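Accompanying notes for the structure given below.
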Amino acid sequence: MEPNPIVRYVDIGDEPVIHLETIGGYGSLPLLSLEMAVEPLKAMINKLPESVWIAKANCQHPRDNLTQDESAAIRLYTMGRVYKHLNGMLRSKNRAKSLPPWLPYLKLLLTALFKLAAVKKTVWRGTNVDLSTLYKPGDKRAWWGFSSCTESIEVADPFLGISGCRTLFCIECGSGRLITPHSQIEDENEILLLPGFYFQVVGMRKSDDGFPIIHV
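Heads up: the sequence shown begins at 5 in the working numbering, then just goes up one per residue.
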């Protein structure tokens, strides 16, 4: 059973609040097929070959001038098995040790994402944790994992729930990628922010329900 992909939208609390080194090492690598790119990951991700087969089967006529392998690399990320391991590695202070097996897949995934047009609009991202003490106006931060956002605050609300600790981020982005045409979840306009998304907190207010809305 695939993990719930909705968790991608609410995992901001897993982001480190310290600045890490930039991610590199994949630029000079050859562009491989998806099967070959994930070969080093098979031992750590359950049923990965099955997920790869499903991703490619659903990307036989990819849009946006992507190849089948490029589109399937995005779809594989959205299917759930890969993103938790990948983002966990990207957010780790010790990622230099665990990065090498991921480089071929990162090469393919980022090549695909950079082919998509940059999205310049307000997007939303939330979490079931109160992060107001960690993101204060004037703070400069970077998110090191891939960050899933939605175009609509109404869509973000169900991810947050109706009670308990919550934080909603209002993000003025200029470099997100709309991945819906290449996603396993085709009914959500998912905007993906790339690793190393750097921003400044410009304001904070309380929602009508009392939880913080942080503007970056």
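We put the beta carbon where it would ideally sit given N, CA and C, even for glycine. Note that the structure is a prediction, hence the values are computed from the model and not measured.
Per the C-alpha coordinates, the member of S152, E54, K46 and E39 positioned closest to T184 is S152. Going by C-alpha positions, F173 is about 5 Å away from I218. Counting only residues of its own chain and dropping the five nearest sequence neighbours on each side, L114 has a CB closer than 8 Å to the CB of Y30 and L198. Counting only unbroken stretches of 4 or more residues, the alpha helix (DSSP H) elements lying wholly within the segment 149-213 are 157-164, in sequence order. Exposure of Y202 is indicated by the presence of fewer than 16 other C-beta atoms within 10 angstroms of its C-beta. Straight across, the Cα-Cα distance linking K210 with P216 is about 5 Å. Annotation: N132 to A116 spans about 31 Å, alpha carbon to alpha carbon. Take the alpha-carbon of N62 and the one of A76: they are about 8 Å apart.
Taken through DSSP and simplified to helix, strand or coil, K144 comes out as strand.
In this structure, S136 lies near M208, with their beta-carbon atoms less than 8 Å apart. In the three-state reduction of the DSSP assignment, T131 falls in the strand class, which pools E and B. Ranking L107, A100, L90 and A59 by CA distance to the CA of L35 puts L107 first. When C-beta atoms of the segment 45-64 are compared with those of the segment 17-28, fewer than three pairs fall below 8 Å, so the two segments do not count as touching.
Put simply, the backbone Cα of N69 is about 8 Å away from that of K119.
P66 and L110 have their C-alpha atoms spaced approximately 19 Å apart.
Counting of Cβ neighbours within 10 angstroms places A59 among the buried residues, the total reaching 16 or more. Here R85 is actually not in contact with Q188; their C-beta atoms are around 11 Å apart, not less than 8 Å.
Within the same chain, and ignoring the five residues on either side of G178 in sequence, the residues whose Cβ sits closer than 7 Å to its Cβ are A122 and K124.
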